[in-house]
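*Asks:*
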Amino acid sequence: MRSGWIVPLLVSLIGHIGAVMMTKMAWQSSMEITIPARGSVVPVEIVNIGEESNVRALAEETPEDAAPEEQQQTQEAAPEPAPGPPARERPRNRNDEFDLAAAARLANADTKTGRERNQGALAERNQRGAGLGTAEVAALRDRVNAVGRAHLRRCWRMPIDLPDPDRLVVTVEFDLNRNGSLNGQPRVTSPRNYTFDPYMRAAAEAALRAVRQCDPFPFPDDAVLREHYDAWRSPEIVFSPRF
Amino acid sequence: MRTVQIFLATIAAAALLCVQAWAQEGGRTRINVDEGHLNPMPIAVVDFIAAAPPASQVGRDVAQVVRANLERSSLFRSVAPAAFIERIQAMDVPPRFPDWRIIDAQALVVGQVTTLPDGRVRIEFKLYDIFAEQFLTGFSYSTTPDNWRRIAHRISDQIYEQLTGERGYFDTRIVFVSESGPRTRRIKRLMIMDQDGANPFFLTSPDAMVLTPRFSPSTQLITYMSYETGAPRVFLYNLETNRREVLGDFPGMTFAPRFAPDGGGVVFTLDMNGNAEIFAMDLRSRQRRRLTNHPAIDTSPSYSPDGAQIVFNSDRGGSPQLYVMAADGSGQRRVSFGDGRYSTPVWSPRGDLIAFTRQGGGRFAIGVMRPDGSGERILTESYLDEAPTWSPNGRVIMFFREGRGEGPRIWSVDLTGRNLRQLPTQTEASDPAWSPLLP
Numbered sequence: 001m002r003s004g005w006i007v008p009l010l011v012s013l014i015g016h017i018g019a020v021m022m023t024k025m026a027w028q029s030s031m032e033i034t035i036p037a038r039g040s041v042v043p044v045e046i047v048n049i050g051e052e053s054n055v056r057a058l059a060e061e062t063p064e065d066a067a068p069e070e071q072q073q074t075q076e077a078a079p080e081p082a083p084g085p086p087a088r089e090r091p092r093n094r095n096d097e098f099d100l101a102a103a104a105r106l107a108n109a110d111t112k113t114g115r116e117r118n119q120g121a122l123a124e125r126n127q128r129g130a131g132l133g134t135a136e137v138a139a140l141r142d143r144v145n146a147v148g149r150a151h152l153r154r155c156w157r158m159p160i161d162l163p164d165p166d167r168l169v170v171t172v173e174f175d176l177n178r179n180g181s182l183n184g185q186p187r188v189t190s191p192r193n194y195t196f197d198p199y200m201r202a203a204a205e206a207a208l209r210a211v212r213q214c215d216p217f218p219f220p221d222d223a224v225l226r227e228h229y230d231a232w233r234s235p236e237i238v239f240s241p242r243f
Numbered sequence: 244m245r246t247v248q249i250f251l252a253t254i255a256a257a258a259l260l261c262v263q264a265w266a267q268e269g270g271r272t273r274i275n276v277d278e279g280h281l282n283p284m285p286i287a288v289v290d291f292i293a294a295a296p297p298a299s300q301v302g303r304d305v306a307q308v309v310r311a312n313l314e315r316s317s318l319f320r321s322v323a324p325a326a327f328i329e330r331i332q333a334m335d336v337p338p339r340f341p342d343w344r345i346i347d348a349q350a351l352v353v354g355q356v357t358t359l360p361d362g363r364v365r366i367e368f369k370l371y372d373i374f375a376e377q378f379l380t381g382f383s384y385s386t387t388p389d390n391w392r393r394i395a396h397r398i399s400d401q402i403y404e405q406l407t408g409e410r411g412y413f414d415t416r417i418v419f420v421s422e423s424g425p426r427t428r429r430i431k432r433l434m435i436m437d438q439d440g441a442n443p444f445f446l447t448s449p450d451a452m453v454l455t456p457r458f459s460p461s462t463q464l465i466t467y468m469s470y471e472t473g474a475p476r477v478f479l480y481n482l483e484t485n486r487r488e489v490l491g492d493f494p495g496m497t498f499a500p501r502f503a504p505d506g507g508g509v510v511f512t513l514d515m516n517g518n519a520e521i522f523a524m525d526l527r528s529r530q531r532r533r534l535t536n537h538p539a540i541d542t543s544p545s546y547s548p549d550g551a552q553i554v555f556n557s558d559r560g561g562s563p564q565l566y567v568m569a570a571d572g573s574g575q576r577r578v579s580f581g582d583g584r585y586s587t588p589v590w591s592p593r594g595d596l597i598a599f600t601r602q603g604g605g606r607f608a609i610g611v612m613r614p615d616g617s618g619e620r621i622l623t624e625s626y627l628d629e630a631p632t633w634s635p636n637g638r639v640i641m642f643f644r645e646g647r648g649e650g651p652r653i654w655s656v657d658l659t660g661r662n663l664r665q666l667p668t669q670t671e672a673s674d675p676a677w678s679p680l681l682p
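In order, the protein sequence lines correspond to chains A and B.
Just so you know, the first sequence maps onto residues 1 to 243 in the working numbering.
Just so you know, the second sequence maps onto residues 244 to 682 in the working numbering.
1) Measure the alpha-carbon distance for Gly491 of chain B versus Asp525 of chain B and round it to whole angstroms.
2) Interface residues of chain B around Ser240 of chain A at Cβ under 9 angstroms?
3) Quick one: which residues of the segment 276-303 of chain B get their C-beta closer than 7 angstroms to a C-beta of chain A? List them in chain order.
4) Would you mind stating whether Ser591 of chain B and Asn556 of chain B have Cβ atoms separated by less than 8 angstroms?
5) Can you tell me which of A:Met200, A:Arg149, A:His16, A:Pro216 puts its alpha carbon nearest to the alpha carbon of Arg273 of chain B?
6) Can you round the beta-carbon distance between Phe340 of chain B and Ala287 of chain B to whole angstroms, since I take them to be within the 8 angstroms contact cut?
7) Excluding the 5 residues flanking Thr535 of chain B on each side, which residues of the same chain have their C-beta closer than 8 angstroms to its C-beta?
8) Using 8 angstroms as the limit for Cβ to Cβ distance, is Thr462 of chain B near chain A?
9) Name, going along the chain, the residues of the segment 345-362 of chain B whose beta-carbon falls closer than 7 angstroms to a beta-carbon of chain A.
10) Give every residue of the same chain whose Cβ lies closer than 6 angstroms to the Cβ of Tyr403 of chain B, excluding the five residues on either side of it in the sequence, and list them in chain order.
11) Would you check whether the ligand ZN has a heavy atom nearer than 7 angstroms to the C-beta of Gln213 of chain A?
12) Leaving out five residues on either side along the sequence, give the residues of the same chain with a beta carbon under 8 angstroms from the beta carbon of Gly507 of chain B.
13) Going by CA-CA distance only, name the one from B:Leu513, B:Leu479, B:Gln552 that's closest to Arg533 of chain B.
14) Residues in the same chain with beta-carbon distance under 7 angstroms from Asn662 of chain B, minus the five sequence neighbours each way, listed in chain order, please.
15) Under 8 angstroms by Cβ, that's how I've got Val578 of chain B and Gly616 of chain B pegged, so tell me the actual separation to the nearest angstrom.
16) Grab the span of the beta strand (DSSP E) containing Tyr199 of chain A for me, first residue to last.
17) Grab me the residues of Arg652 of chain B's own chain with a C-beta within less than 7 angstroms of its C-beta, minus the 5 sequence neighbours each way, in chain order.
18) Would you say Tyr229 of chain A faces chain B, with C-beta separation under 8 angstroms as the test?
19) Is the CB of Phe374 of chain B under 8 angstroms away from at least one CB in chain A?
20) Quick one, which of B:Leu406, B:Ile398, B:Phe419 has its alpha-carbon nearest Phe413 of chain B's?
21) Quick one: measure Cβ to Cβ for Gln355 of chain B and Ala306 of chain B, integer angstroms, because I've assumed they're closer than 8 angstroms.
22) Which partner residues does Val224 of chain A have in the DSSP bridge list?
23) Is the CB of Pro218 of chain A under 8 angstroms away from at least one CB in chain B?
24) Determine whether the Cβ of Thr380 of chain B lies closer than 8 angstroms to any Cβ atom of chain A.
25) For Ala202 of chain A, which residues in chain B fall below 9 angstroms Cβ to Cβ?
26) So, for Val144 of chain A: in the same chain, excluding its five sequence neighbours on each side, which residues have a beta-carbon less than 8 angstroms away from its beta-carbon?
27) Can you find at least 3 beta carbon pairs, one from the segment 359-376 of chain B and one from the segment 592-600 of chain B, that sit closer than 8 angstroms?
28) Show which residues of chain B have a CB atom less than 9 angstroms away from the CB atom of Ser234 of chain A.
29) Looking at chain A, which residues of the segment 642-666 of chain B have a Cβ within less than 8 angstroms of any of its Cβ atoms?
30) Here's the rule I'm using: 16 or more other beta-carbon atoms within 10 Å means buried, otherwise exposed. How should His280 of chain B be labelled?
31) Does Gly15 of chain A come out as helix, strand or coil in the three-state DSSP assignment?
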């Protein structure tokens, strides 16, 4: 009789311990995939879905002197929004009103046209799957990228005088406080192990030094990004030296 | 049945937690940075602390030599001591990092000199990363007081290695040909000095002309060509024993010697009846082996750092060009195809590049190319630039430069083509050869 409740208790205990262990494992595996695939959606606290498509707004506000590249991107992102779930009927809030044209200009100041095209195409794809807000997310992400690049350029000493600089690509992640200051220490997430590779170690240390020297980051000084802490609270920087 | 249910429930709960953890961690905004700067890193080197006068002078001198070494590399900029806010009083107390951060120092070196009871001195240092607020490395050396300069070079190497990831090159020496006297009766003697120009002294007498000194890449052995015995001969000079010997008595002229990477062999050119060919010789057995066999001139051989290949210079194609072959002489192929005449190839100790002299349009240039001949870059050019030699870490090239009506002097340039500097020598100087790091 007594064993009648002991067995389920044991099972339950093992199950609970198992569950806790699995969350640990899940955490580890989530560390593996902290590098989001290109165009994957960056979670932003408030993804605003207004009556009018943000994508349309982007197209309308495109300045006339914009580069052809920019226009191409707008066209790609311009198709009529697919009918969405009822949640879209939410009223606009003030986050809708940020200067998308400025964000697009900043994003397009980036000369990497390949990446730009990628993100334009992905914005369209995401638009169908996840709603209109993803275009804004993409614009925000580009804005974070532009502000971050411009800031880090001054702090990063490129290791291009080391042998084979092309391979010395280092990814660093860290967390930022609301005022833009570093929260904790930056971490190298890629390469995983560079202890016995002195040139890679030098590149990794140059990357960490750049992040520390660039502390605090100017994201809160940006009128748009100030309102979107989640877009830049946990950046991941890919440093790739180019001759 | 119930057990299975419980199990399923637990698994479901675990899966839910998994998803949550992923969602929390998955959303990092990626920033791609592919542009940075190449400015030197600001570093503060504090005068090393010492209790009493003789040691305190050493402390100031060591700090000064370390600053000069790091600055000369062009990878560092020494923050002027006048700007220092914190006065370092003791080695054991960690520095006040904000005080150094505010004057823009990214690294800090503090040190101490102590006189030991036996009359020697102990010199120690600590290197800090200011922004990470971290101790990086530190060493302690004991030596006679007059040897402080070498300790300063070793400290410089430690700092350089820690901050750049490359081997240092400060605790090294340069052997070169010191030139004096009128053109018609030129005196050429072998001279050696520290890489910063300090401690120069002569190795050979003024009686015999010397040419093309070369350092062994792994030992304190020099090979050079001398007219000491009348005809030009290749000599070996052991710096540790001060012994000199002729490499071998061959028919004809021997020249352009260079060591194998392990120091156990030499490649050189032997000219018999006007046909110059490349030979390799094992220094223990004194066996020599012919590597080239061509009616054209084959000369200036230089080993790759793994000893598997040799780059050399040949005019078999009409004008002097660079060729690469296996160490046994097989697989000879041309690698230089640019305009002009290529000569004096030297394989980088890092293995990734070959330095050379290129002559064309009435000017001489020092350049580098990959061992397959691709990626040719000219680093410096003038009326006469010649005879490149690599620093042991393969980052800096020394050569000599001669102007119109001006005697030769030794210069250095780094791989990026920047940081062109003249070395201080008492006399006119040519044909530098860089030593490996001192043991």
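Where is the CB? At the ideal position from N, CA and C, for every residue including glycine.
*Replies:* According to the structure data:
1) Taking the second sequence and counting its residues from 1, the one referred to as residue 491 of chain B is at position 248. Taking the second sequence and counting its residues from 1, the one referred to as residue 525 of chain B is at position 282. When rounded, the distance between both Cα atoms is 11 angstroms.
2) By one-based count along the first sequence, residue 240 of chain A stands at place 240. Residues of chain B passing the Cβ test: Asn275, Val276, Asp277.
3) Val276, Asp277, Glu278, Gly279, His280, Leu281, Asn282, Met284
4) As a working mapping, residue 591 of chain B is identified with position 348 in the second sequence. As a working mapping, residue 556 of chain B is identified with position 313 in the second sequence. Their beta carbons are not under 8 angstroms apart, which means Ser591 of chain B does not touch Asn556 of chain B by this criterion.
5) Numbered from 1 along the second sequence, position 30 holds the residue referred to as residue 273 of chain B. Nearest of A:Met200, A:Arg149, A:His16, A:Pro216 to Arg273 of chain B, Cα basis: A:Arg149.
6) Along the second sequence, read from residue 1 onward, the residue named residue 340 of chain B stands at position 97. Along the second sequence, read from residue 1 onward, the residue named residue 287 of chain B stands at position 44. Incorrect: roughly 11 angstroms between the Cβ atoms, too far for contact.
7) On the second sequence, position 292 is the one that residue 535 of chain B refers to. Hits under 8 angstroms: Glu520, Ile521, Asp541, Phe555, Ser557, Met568, Gly572, Gln575.
8) Here residue 462 of chain B is taken as the residue at index 219 of the second sequence, counted from 1. Output row for Thr462 of chain B: interface = no.
9) Gln349
10) Within the second sequence, numbered from 1, the residue matching residue 403 of chain B stands at position 160. Gly411.
11) With respect to small molecules bound, the structure shown includes none, and the ligand ZN cannot be examined in it.
12) As a working note, residue 507 of chain B is residue 264 in the second sequence. Excluding sequence neighbours, Gly507 of chain B sits near Asp525, Leu526, Arg527.
13) Translated into the one-based positions of the second sequence, residue 533 of chain B becomes position 290. Per the Cα distances, B:Leu513.
14) As a working mapping, residue 662 of chain B is identified with position 419 in the second sequence. Only Ser317, Val656 meet the Cβ criterion.
15) Position 335 of the second sequence holds residue 578 of chain B. Position 373 of the second sequence holds residue 616 of chain B. Confirmed, Cβ separation roughly 3 angstroms.
16) The residue given as residue 199 of chain A occupies position 199 in the first sequence. Here Tyr199 of chain A belongs to no beta strand (DSSP E); instead the alpha helix (DSSP H) covers 198-213.
17) Indexing the second sequence from 1 puts residue 652 of chain B at position 409. Closer than 7 angstroms at the Cβ level, and outside the excluded window around Arg652 of chain B, lie Phe643, Arg644, Gln665, Thr668, Glu671, Ala672.
18) Reading the first sequence from its first residue, position 229 is the one you call residue 229 of chain A. So no, Tyr229 of chain A is outside the interface.
19) Sequence index remark: in the second sequence, residue 374 of chain B carries index 131 (1-based). Interface residue, yes.
20) By 1-based counting over the second sequence, the position of residue 413 of chain B is 170. Among B:Leu406, B:Ile398, B:Phe419, the Cα nearest to that of Phe413 of chain B is on B:Ile398.
21) On the second sequence, residue 355 of chain B is found 112 positions in, with the first residue counted as 1. On the second sequence, residue 306 of chain B is found 63 positions in, with the first residue counted as 1. Between Ala306 of chain B and Gln355 of chain B the Cβ distance is about 11 angstroms, and since that is not below 8 angstroms, they are no contact.
22) For the purposes of this step, residue 224 of chain A is identified with residue 224 of the first sequence, where counting begins at 1. Val224 of chain A pairs with nothing; no bridge assigned.
23) Reading the first sequence from its first residue, position 218 is the one you call residue 218 of chain A. Chain B contact via Cβ: absent.
24) By one-based count along the second sequence, residue 380 of chain B stands at place 137. No, Thr380 of chain B lies away from the interface with chain A (no Cβ there is under 8 angstroms from its Cβ).
25) On the first sequence, position 202 is the one that residue 202 of chain A refers to. By Cβ distance, chain B contributes Leu406, Thr407, Gly408, Glu409.
26) Reading the first sequence from its first residue, position 144 is the one you call residue 144 of chain A. So the list reads Phe219, Leu225, Ala231, Trp232, Pro235, once near-sequence residues are dropped.
27) no
28) Your numbering for residue 234 of chain A matches position 234 in the first sequence. What Ser234 of chain A touches in chain B: Glu268, Gly270, Arg271, Thr272.
29) Asp657, Leu658, Thr659
30) Within the second sequence, residue 280 of chain B is the residue found at index 37, counting from 1. Exposed, since its Cβ has fewer than 16 Cβ neighbours within 10 Å.
31) Reading the first sequence from its first residue, position 15 is the one you call residue 15 of chain A. Three-state DSSP puts Gly15 of chain A in a helix.
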